[in-house]
Structure formats: C-alpha cells, structure tokens
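Peer 1:
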Amino acid sequence: MMDMYEIQKFLHSTKHPETFNEGRKRILDLLEEISQVYKETMNKTVEGLCDICGKGNTSDIFKLKDLVPGYKRRPNKSPRLCYNHFCGWNLSLTKHQFDTVYKKCHAAGDDTKKLSYFVTQSEMHSKYGLTDEEVDLHFATYLSKQLLKEAKLYKLKEIA
Amino acid sequence: MKNNKITERTSAGLCSALFEEFDLLRNGQSDPSRASAVSKLAVQIINTKKLEIEAAAFHKAGLRFVPLALTAKGISIGGK
C-alpha cells in the first residue's frame, strides 16, 4: 500500500531535485489526473427530479444527489434527493446511527464511554452499524414524516 | 380511487408505496387527508417492524417470551 505521506514528503524534498526530477514530474502528472477525475465525479449533475418534493437542480451548489448516505453499498436502490432533503436525511441518519450504535454497545456490554473518541466511534460503527433493513426502515420513517408535512402544507394551501 | 397494485411487504416496498403517494399528491390524484392517513398508517407499520426487530434481538440473546392474552376473565399468562 502506498503511503501518501511519504509521497508528499518526496515531492516537497529538495535534496536531489536533479536525480528525482523525472519521477517527481510523473507523480505530479498522476496527481493532476486524479484531481481532474475527482472534480469531474464530484461536479457531475444528476438529471431528473427529487423523489420527495419533485424539484430539480436549483443551482450549481444545491444539486440533486442520486447516491444518498446509507445506500452506498447498494447504489441502484438509492433514492434521488434534492439538496435540502439530502441534508435532512443525512442529519436524521447520522443521529439514528449514533443512537443505535450506543444502544447496541450498551446491550453488548461494551464500554460506551469510548464512543466520544472519533476513531473508536468508526470502529463501533463498523461493528454495530445499521444493517440495510434498518436503513430502509429509518428511511421509511423519514418519508412518512415528510409526507405528513407535505399533506399539512397542501391543506393550508387549500384553506388559503 | 381503485388501486389494484399490491405493495411489496418489505421496508423497501413501504418506501416505494410512500413515494407513490407523494407522486399522487403532487399530481392532484390524492388529497391531503388521504396522504396524512397513509403517513400515519406507515408509522404504525414501522413501529411494529421495529418491535419485531427488537424482539428478535432479545430472542437471539437468549431471552424467553411468555405469550400474554386478554380474556374475558382478565389476562392469561403462558396461553393458559
């Protein structure tokens, strides 16, 4: 496995620039290529409408996402969400995941105090994280709340 | 409105049923009262499913369940 720290150190070293000039140039070119691929992937626009509110891309920043948190293992089943619903779902899932991990840790008798440390938190997530079924169920909860909200909004519009 | 489509009885199926309701509401084929009823029904289904998952986890951990039943005389424990 490549050590990125070592590569960066090598790129910044000025000890033997004449010896490693060719190697450095090749690495820099590759980094540039990787950066280009990353930018293209991150800035790609998703066509279509949000599955919840039916809105499309509103601006370059508030874009539609076709891969939402919780569905990264099965991208084909991921819903398409607008920026606002994406943020709402992300927040809801993060909170639910933390609560679930905390509950599962407690039930298994693990030291839940360790959850305050980020590294241990990720370890706990891989051990007690949400299953696909649990993610689907939580998404259904989120959807039902949104539907109730939408229904109330429509009712208000009807009255007005 | 008659709908003969059968919903898949999974969490993903419930999600697609809710998405369908969103579409119907937006297209004007449904009304707010129906959407609100569907949403409340979905919440009940979700709560039942959550309880099932929790019960399964307890069962896996070795906990034994005693069935309870409401009878005319009161509550019967263990199905007696």
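Residue numbers (this note's numbering), protein chains in the order written: chain A, 32 to 191; chain B, 4 to 83. C-beta atoms are modelled at their ideal positions from N, C-alpha and C, and glycine is treated no differently. Values in this document were obtained by computation on a predicted structure and should not be read as measured data.
Exposed or buried, I83/A, counting other C-beta atoms within 10 Å across all chains shown (16 or more means buried)?
Peer 2: Within the first sequence, the letter at position 52 stands for residue 83/A. By the 10 Å Cβ count, I83/A comes out buried.
Peer 1: Since A72/B sits in a beta bridge, which residues does DSSP pair it with?
Peer 2: For the purposes of this step, residue 72/B is taken as residue 69 along the second sequence, with counting starting at 1. Partner(s): S79/B.
Peer 1: Since I179/A meets chain B, which of its residues come closer than 7 Å, beta carbon to beta carbon?
Peer 2: Counting from 1 along the first sequence, the entry for residue 179/A is found at position 148. Ile is not the amino acid found at residue 179/A; the sequence shown has Leu there. Ordered by position in chain B, the residues that pass the 7 Å Cβ test against L179/A are S39, S42.
Peer 1: Looking only at its own chain, which residues have a Cβ that is under 6 Å from the Cβ of F22/B, when we skip the five neighbours before and after it?
Peer 2: What you label residue 22/B is simply residue 19 of the second sequence in a count that begins at 1. Counting only Cβ-Cβ distances below 6 Å, and skipping sequence neighbours, we find nothing.
Peer 1: Can you round the beta-carbon distance between A38/B and A182/A to whole angstroms, since I take them to be within the 8 Å contact cut?
Peer 2: Walking along the second sequence from the start, residue 38/B turns up at place 35. Walking along the first sequence from the start, residue 182/A turns up at place 151. About 4 Å separates the two Cβ atoms, so the contact holds.
Peer 1: Please report whether the beta-carbon of I80/B lies at a distance below 7 Å from any beta-carbon of chain A.
Peer 2: Within the second sequence, the letter at position 77 stands for residue 80/B. Cβ-Cβ to chain A under 7 Å: no for I80/B.
Peer 1: Applying the criterion that 16 or more other CB atoms from any shown protein chain within 10 Å of the CB defines a buried residue, is G101/A buried or exposed?
Peer 2: Counted from its first residue, the first sequence places residue 101/A at position 70. Buried, since its Cβ has 16 or more Cβ neighbours within 10 Å.
Peer 1: Among C118/A, Q128/A, F51/A, K96/A, which residue has its Cα nearest to the Cα of S109/A?
Peer 2: As a first step, residue 109/A is located in the first sequence; it is residue number 78 there, counting from the start. Comparing Cα positions, the closest option is K96/A.
Peer 1: Does the separation of the CB atoms of A138/A and C18/B fall below 7 Å?
Peer 2: As a first step, residue 138/A is located in the first sequence; it is residue number 107 there, counting from the start. As a first step, residue 18/B is located in the second sequence; it is residue number 15 there, counting from the start. Result no, Cβ atoms of A138/A and C18/B do not sit closer than 7 Å.
Peer 1: Against chain B, with Cβ distances strictly below 7 Å, would F129/A count as a contact?
Peer 2: As a working mapping, residue 129/A is identified with position 98 in the first sequence. No, its Cβ sits nowhere closer than 7 Å to a Cβ of chain B.
Peer 1: Buried or exposed for M4/B, please, with buried defined as at least 16 other CB atoms from any protein chain shown within 10 angstroms of its CB.
Peer 2: Within the second sequence, residue 4/B is the residue found at index 1, counting from 1. Low local confidence applies: a pLDDT of 49 at M4/B is under 50, so the model's placement there is unreliable, with the coordinate-based value given in what follows. By the neighbour-count rule (16 or more Cβ atoms within 10 Å), M4/B is not buried but exposed.
Peer 1: Residues of chain C with a CB under 7 Å from the CB of E24/B: which are they?
Peer 2: No chain C appears in the structure shown, which is made up of the protein chains A and B.
Peer 1: Nearest-angstrom Cα distance between N115/A and C81/A?
Peer 2: Here residue 115/A refers to the residue found at position 84 when the first sequence is read from its first residue. Here residue 81/A refers to the residue found at position 50 when the first sequence is read from its first residue. Between N115/A and C81/A, the C-alpha separation is close to 10 Å.
Peer 1: In the stretch 81-98 of chain A, which residues sit with their C-beta less than 7 Å from some C-beta in chain B, listed in chain order?
Peer 2: The residues in question are D82, I83, G85.
Peer 1: Going by DSSP, which residues form a beta bridge with K98/A?
Peer 2: Taking the first residue of the first sequence as position 1, residue 98/A is located at position 67. Inspection of the sequence shows that residue 98/A is occupied by Leu rather than by Lys. Looking at the DSSP assignment, L98/A forms no beta bridge with any residue, so it has no partner.
Peer 1: Which residues does DSSP pair with L112/A in a beta bridge?
Peer 2: For this step, residue 112/A is matched to residue 81 along the first sequence. DSSP output for L112/A lists K96/A as bridge partner(s).
Peer 1: When DSSP labels each residue in this structure, what does N74/A get in the three-state scheme?
Peer 2: Translated into the one-based positions of the first sequence, residue 74/A becomes position 43. Note: N74/A maps to coil in three-state DSSP.
Peer 1: Who are the neighbours of A45/B on chain A, taking C-beta pairs under 7 Å?
Peer 2: Mapped onto the second sequence, residue 45/B falls at position 42. Those are A171, S175, listed as they occur along chain A.
Peer 1: With a cut-off of 7 Å, does the C-beta of E64/A fall near any C-beta of chain B?
Peer 2: Locating residue 64/A in the first sequence gives position 33, where the first residue counts as 1. No, no contact with chain B.
Peer 1: Between the C-alpha atoms of I80/B and P70/B, what's the straight-line distance to the nearest angstrom?
Peer 2: Mapped onto the second sequence, residue 80/B falls at position 77. Mapped onto the second sequence, residue 70/B falls at position 67. The alpha-carbon atoms of I80/B and P70/B are separated by roughly 6 Å.
Peer 1: Roughly how many angstroms separate the alpha carbons of R105/A and H169/A, rounded to a whole number?
Peer 2: As a working mapping, residue 105/A is identified with position 74 in the first sequence. As a working mapping, residue 169/A is identified with position 138 in the first sequence. Cα to Cα, R105/A sits roughly 16 Å from H169/A.
Peer 1: Could you check the C-alpha separation between L179/A and S44/A for me, to the nearest Å?
Peer 2: Translated into positions along the first sequence, residue 179/A becomes position 148. Translated into positions along the first sequence, residue 44/A becomes position 13. So the two alpha carbons sit approximately 60 Å from each other.
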